[in-house]
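K.L.:
There are 2 protein chains.
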Amino acid sequence: MNIGQAASLSQLPPKTIRYYEEIELINPARAENGYRDYSDGDVHRLRFLQRARGLGFSITECRLLLSLYEDKDRASHDVKAMALDKISEIDRKINELNSLKHTLSTLAEHCNGDNKPDCPIIEDLARGSQEPRGGP
Amino acid sequence: MNIGQAASLSQLPPKTIRYYEEIELINPARAENGYRDYSDGDVHRLRFLQRARGLGFSITECRLLLSLYEDKDRASHDVKAMALDKISEIDRKINELNSLKHTLSTLAEHCNGDNKPDCPIIEDLARGSQEPRGGP
DNA sequence: CTTGAAGTTCCAGTAACTGGAGCCATTTAG
DNA sequence: CTAAATGGCTCCAGTTACTGGAACTTCAAG
Numbered sequence: 000m001n002i003g004q005a006a007s008l009s010q011l012p013p014k015t016i017r018y019y020e021e022i023e024l025i026n027p028a029r030a031e032n033g034y035r036d037y038s039d040g041d042v043h044r045l046r047f048l049q050r051a052r053g054l055g056f057s058i059t060e061c062r063l064l065l066s067l068y069e070d071k072d073r074a075s076h077d078v079k080a081m082a083l084d085k086i087s088e089i090d091r092k093i094n095e096l097n098s099l100k101h102t103l104s105t106l107a108e109h110c111n112g113d114n115k116p117d118c119p120i121i122e123d124l125a126r127g128s129q130e131p132r133g134g135p
Numbered sequence: 000m001n002i003g004q005a006a007s008l009s010q011l012p013p014k015t016i017r018y019y020e021e022i023e024l025i026n027p028a029r030a031e032n033g034y035r036d037y038s039d040g041d042v043h044r045l046r047f048l049q050r051a052r053g054l055g056f057s058i059t060e061c062r063l064l065l066s067l068y069e070d071k072d073r074a075s076h077d078v079k080a081m082a083l084d085k086i087s088e089i090d091r092k093i094n095e096l097n098s099l100k101h102t103l104s105t106l107a108e109h110c111n112g113d114n115k116p117d118c119p120i121i122e123d124l125a126r127g128s129q130e131p132r133g134g135p
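If you read the protein sequences in the order shown, they are chains A and B. Quick note on numbering that gives the first Met the number 0: the first sequence kicks off at 0 and runs consecutively. Quick note on numbering that gives the first Met the number 0: the second sequence kicks off at 0 and runs consecutively.
(1) Would you say GLY127 of chain B reaches chain A, if we count a Cβ-Cβ gap shorter than 8 Å as a contact?
(2) Closer than 8 Å by C-beta to ASP138 of chain B: which residues in its own chain qualify, once you throw out the five before and the five after it? Chain order, please.
(3) I'd like to know whether the C-beta of LYS14 of chain B is nearer than 8 Å to at least one C-beta of chain A.
(4) Taking Cβ-Cβ distances shorter than 8 Å, what residues in chain B pair up with GLY55 of chain A?
(5) PHE47 of chain B: which of B:LYS92, B:SER87, B:ARG62 sits nearest, CA to CA?
(6) Helix, strand or coil for ASP113 of chain A per DSSP?
(7) Measuring alpha carbon to alpha carbon, tell me which of B:THR102, B:LYS14, B:LEU83, B:LEU96 ends up nearest HIS101 of chain A.
(8) Three or more C-beta pairs closer than 8 Å, one from the region 85-103 of chain A and one from the region 5-14 of chain B: is that the case here?
(9) Within the region 9-95 of chain A, note down every full alpha helix (DSSP H) run reaching 4 residues or more, in order along the chain.
(10) Can you name the residues of chain A whose CB is closer than 7 Å to the CB of GLU31 of chain B?
(11) Give me the Cα-Cα distance between LEU106 of chain A and LEU96 of chain A, rounded to the nearest whole angstrom.
(12) Helix, strand or coil: which one does DSSP assign to ASN97 of chain B?
(13) Given this structure, state the Cα-to-Cα distance separating VAL42 of chain B from LYS92 of chain A, to the nearest angstrom.
(14) Sort A:SER38, A:ASN32, A:TYR34, A:GLN49 by Cα distance to TYR19 of chain A and report the nearest one.
(15) Anyone know if the C-beta pair for ARG44 of chain A and ILE25 of chain A falls short of 8 Å?
(16) Let's test the definition: count the other Cβ atoms within 10 Å of the Cβ of LYS79 of chain A and tell me whether it reaches 16, buried, or not, exposed.
(17) CA-CA distance, SER104 of chain A and ILE86 of chain B?
(18) Look at LEU64 of chain A and PHE56 of chain A and say whether their C-beta atoms are less than 8 Å apart.
(19) Step through the CB atoms of chain A and report whether any lies within less than 8 Å of the CB of SER104 of chain B.
(20) Just the C-alpha distance for GLY33 of chain A and SER38 of chain B, rounded to the nearest angstrom, thanks.
(21) If you draw a straight line from the alpha carbon of PRO13 of chain A to that of THR59 of chain A, how long is it in whole angstroms?
(22) Does any CB atom of chain B fall closer than 8 Å to the CB of ASN97 of chain A?
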């Protein structure tokens, strides 16, 4: 399929898709006319990238995540370790999103009438899922 | 407090904190010696920015999120609408993270022995929280 | 065969940092 | 008190991850 269809399936702009090719995240075939020709697998990859990038993973991290699925040469226990590592990162993000959501929900409720919020909420906000102090 | 302490409390590098000042996300006081002087409130803001940026919200979105708490001039129902809007965005992100986590967990389990994954999982991966086809 | 949408490359610009040079202030060791 | 280390300051250049625009080709419809 052409880049346009790949774009609408993956929810990524064509520009970004071409950029991902430039930095070797994908390598679509070329048709005789010179147009890029995306397979279903390519679209899977792109869709994955779209999701992961939107969740705050860097390109480097995306590359790692992709390699978890596709690098058949890597030893199995490495894959597992990396997967578990990413899972705890994801758990952390989920926790942070939940706390952010809680903060916003409380705010929304408190804004129910027409009174302005004076917000003890901002305390909660800044606390978040903070570590107990004392560095890494 | 100085920028160093603000940095370690907010988990942001000093460079980034100065940059946030440049783009007017914070406005710390200055001590007599010219050093930036951060209040607890400033640190709250920074901590919030650190969390929100890490979760994939843009600077523009962070500005909006911050305004939800602090813009006392905005009408209350606007605040509520924006908060609800951001909440659904957050829910979407949480769903995506859960699906990503599920994918990785399955992978980790399947990689338990020393057999390489041949991955029907990649299907699941690319499906994610996709819309039912037919575009906006 | 023309018109328009969609593709191509290339180059420049933007967003959000990040690193480094060069200089002043503060703390700490001798 | 002086010297060195540490941390702050500004400014400017570089990086990452796109994004927009110009100039050209290709394809599908009328």
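The beta-carbon is built from N, C-alpha and C at its ideal position, and this holds for glycine as well.
P.N.:
According to the data block:
(1) Bear in mind that the predicted position of GLY127 of chain B carries a pLDDT of just 49, short of 50, making it unreliable; the figure below should be weighed with that in mind. Yes - at least one Cβ of chain A is within 8 Å of the one on GLY127 of chain B.
(2) There is simply no residue 138 of chain B to check, as chain B begins at 0 and stops at 135 in what is shown.
(3) So no, LYS14 of chain B is outside the interface.
(4) Per Cβ cutoff of 8 Å: ARG52, GLY53, LEU54, GLY55.
(5) Per the Cα distances, B:ARG62.
(6) Note that ASP113 of chain A scores 38 on pLDDT, short of 50, meaning its location in the model is unreliable; the coordinates nonetheless yield the value given after this. Three-state DSSP puts ASP113 of chain A in coil, outside helix and strand.
(7) Minimum Cα-Cα distance from HIS101 of chain A among the listed residues B:THR102, B:LYS14, B:LEU83, B:LEU96 corresponds to B:LEU83.
(8) Result no; under three Cβ-Cβ pairs closer than 8 Å.
(9) Along the region 9-95 of chain A, the alpha helix (DSSP H) occurs as fully enclosed runs of 4 or more residues at 13-21, 39-53, 58-69, listed in sequence order.
(10) Ordered by position in chain A, no residue passes the 7 Å Cβ test against GLU31 of chain B, which lies about 27 Å from the chain.
(11) Taking the straight line from one Cα to the other gives about 15 Å.
(12) The answer is helix: DSSP assigns ASN97 of chain B an H, G or I state.
(13) If I take the Cα positions, the gap works out to 20 Å.
(14) Answer by Cα proximity: A:GLN49.
(15) The answer is yes: Cβ separation under 8 Å.
(16) It is buried - the Cβ of LYS79 of chain A has at least 16 other Cβ atoms within 10 Å.
(17) Cα to Cα, the separation comes out at about 7 Å.
(18) A contact, by the Cβ cut-off of 8 Å.
(19) Taking Cβ atoms only, chain A reaches closer than 8 Å to SER104 of chain B, which makes this a yes.
(20) It is roughly 59 Å from the alpha-carbon of GLY33 of chain A to the alpha-carbon of SER38 of chain B.
(21) In this structure, the alpha-carbon of PRO13 of chain A lies about 21 Å from that of THR59 of chain A.
(22) Interface residue, yes.
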